Ligand SMILES: [Zn+2]
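Residue numbers (the working numbering): 16 to 253.
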């Protein structure tokens, strides 16, 4: 049986390494995509802090402008009151009185508005502080995640390098005829495994039943046999 020959064992060793390097390279392809997703999430979290802080700042600005409006109205009222002291005619006095009253009314409306803004400032400040604390922790976690992805990527790149030289060594140990057969199979099958044991007359690569010819070839002949369904190199494990 071919599969018990050392030559074939060498091919299996090569196959094992090819499978491992395939998996590692796939992982390497995915890491940058995952990293981008995490970076995007960090951006979103940072944006939501900014929005909360901006809401709060806008209210503070609004409060300041209301405050200066109130001050200017009360300055105006004081001015009108001084004018009132100086006028001689009754009509002029009551005209000023009307003006003062309407200014005071206006002032009281603005004060109500300011009170409402002040309450909203309290809420907005709380929201911004909570957002900042919670989200900062979240961002720290995400950044840790990014770091470990970077470390993993470096680790995998190192493993790939090691495996590449191990594969080179393994290829030297495989008989040239087997190797060319194996390489041809690799071009047909898009991803590993390129070799599969047959169990109960089933190819474990494609899970389909192989013909009796394939089975007898595996058991008797001394050449490489392929699954008549998927084209993988098939062998008996024992
Ligand atoms: Zn198959």
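Where is the CB? At the ideal position from N, CA and C, for every residue including glycine.
Computed from a predicted model, the values in this text were never measured in an experiment.
Where DSSP assigns a beta bridge to residue i, which residues make up the other side?
i	result
residue 185	Residue 185 pairs with nothing; no bridge assigned.
residue 20	Looking at the DSSP assignment, residue 20 forms no beta bridge with any residue, so it has no partner.
residue 241	248
residue 191	BP columns for residue 191 are empty, so no partner.
Can you tell me the Cα-Cα spacing of residue i and residue j, whole angstroms?
i	j	result
residue 57	residue 159	11 Å
residue 132	residue 74	7 Å
residue 96	residue 79	26 Å
residue 274	residue 40	Past the boundaries of the shown model lies residue 274; the chain is included only from 16 to 253, so the question cannot be answered.
residue 118	residue 142	36 Å
Could you tell me whether any non-hydrogen atom of ligand 1 is closer than 7 Å to the CB of residue i?
i	result
residue 220	yes
residue 211	yes
residue 192	no
residue 216	no
residue 20	no
residue 28	no
residue 247	yes
residue 50	no
residue 162	no
On the CB-based measure, 16 or more other CB atoms within 10 Å of its CB, does residue i come out buried or exposed?
i	result
residue 152	exposed
residue 241	buried
residue 249	buried
residue 134	exposed
residue 14	Summary: the structure shown does not reach residue 14, with the chain confined to residues 16 through 253, and so no result is reported for it.
residue 200	buried
residue 18	buried
residue 213	buried
residue 162	exposed
Would you say residue i and residue j are within 8 Å of each other, going by their C-beta atoms?
i	j	result
residue 154	residue 59	no
residue 186	residue 194	yes
residue 121	residue 86	no
residue 139	residue 90	no
residue 168	residue 43	yes
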